[in-house]
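Same order as they appear, the protein sequences are chains A and B. The numbering used here numbers the first residue of the first sequence as 7 and each following residue consecutively. The numbering used here numbers the first residue of the second sequence as 5 and each following residue consecutively. Cβ atoms here follow ideal geometry from the backbone N, Cα and C, with glycine treated the same way. Remember, predicted model here, so these are calculated numbers, not experimental data. The structure appears below as structure tokens.
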Amino acid sequence: SAVISQKPSRDICQRGTSLTIQCQVDSQVTMMFWYRQQPGQSLTLIATANQGSEATYESGFVIDKFPISRPNLTFSTLTVSNMSPEDSSIYLCSFRGWGDTEAFFGQGTRLTVV
Amino acid sequence: GIQVEQSPPDLILQEGANSTLRCNFSDSVNNLQWFHQNPWGQLINLFYIPSGTKQNGRLSATTVATERYSLLYISSSQTTDSGVYFCAVTGGTSYGKLTFGQGTILTVHP
């Protein structure tokens, strides 16, 4: 299977600032996703990253807060904007190959906002 | 959307014990996966099992799609098995998007 690299692995940020998380896959994949895991909770889908067009956001998530880019089939970024302590979470990127097949996840970014 | 329920929410075992984790889902699924989340937050793929039975070492899984449940078996548990186990599915109109259960927190004591 493809190898997925996510960075940074962790960061501590000041409130009001923004952080961009990068996700790189070593081969072309069709679908890429971004998930959030708040402390003690399960994973929730933020959005589907669409290659060359605007991401598709799930209910409760908006582009102004979580802008996403996907310039090609192997790379995507998620920005957490104007951060507050409530944004402290683990953020994970995920990809699938062709079809609705097995999903794989990056190593995750543990974000703490102070 | 599809609902995923996992049980039990917490499980405490002594090393060497066996356990069964359950995942119920509310609708037909295209894909079902089991993950183990380690203490560093990384999700490790255990099984991709939309139906049938698979085994990998001390772990095995069975999905009965017609009855809308899946089971994860852990035999001869080890302390390194500790962590959170998630079941996640895709189904209906949520093509490719995983819906996660709330997880089972497993603690294995030496």
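The stretch 83 to 114 of chain A: positions lying closer than 8 Å to chain B by Cβ:
Of all residues in the stretch 83 to 114 of chain A, Ile96, Leu98, Ser100, Arg102, Asp106, Thr107, Glu108, Ala109, Phe110, Phe111, Gln113, Gly114 have a Cβ within less than 8 Å of some Cβ in chain B.
Quick check on this structure: which residue in A:Gln113, A:Pro77, A:Val86 has the alpha carbon closest to the alpha carbon of A:Cys19?
The residue with the shortest Cα to Cα distance from A:Cys19 is A:Val86.
Would DSSP call B:Thr83 helix, strand or coil?
Helix.
Beta-carbon proximity check, B:Ser23 vs B:Ser81, cutoff 9 Å:
B:Ser23 is a Cβ neighbour of B:Ser81, given a cutoff of 9 Å.
Name the DSSP bridge partner or partners of A:Phe72?
A:Phe72 is bridged by DSSP to nothing; it lacks a bridge partner.
Would you mind listing the beta strand (DSSP E) stretches within the stretch 37 to 87 of chain A that are 3+ residues and don't spill past its ends, in chain order?
With a minimum length of 3 residues, the unbroken runs of beta strand (DSSP E) contained wholly in the stretch 37 to 87 of chain A fall at 37 to 43, 49 to 55, 74 to 78, 81 to 86.
Taking the Cβ atom as the reference point for each residue, do B:Pro13 and B:Leu36 lie within a distance shorter than 9 Å?
Contact check for B:Pro13 against B:Leu36 fails: the beta carbons are separated by 9 Å or more.
Look at B:Val93 and B:Thr108 and say whether their C-beta atoms are less than 9 Å apart.
No, these two residues do not count as a Cβ contact at 9 Å.
Touch check for the stretch 39 to 50 of chain A and the stretch 8 to 17 of chain A: three-plus C-beta pairs under 8 Å?
Contact fails: fewer than three Cβ-Cβ distances are below 8 Å.
So with Cβ pairs under 9 Å, would you call A:Ser48 a contact of chain B?
By this cut-off, A:Ser48 is an interface position.
With 9 Å as the C-beta to C-beta threshold (strictly closer), list the residues of the stretch 60 to 81 of chain A near chain B in chain order.
Those would be Glu64, in chain order.
When the cut-off is 9 Å and only beta carbons count, does B:Lys101 lie next to chain A?
Yes, because at least one Cβ of chain A sits closer than 9 Å to the Cβ of B:Lys101.
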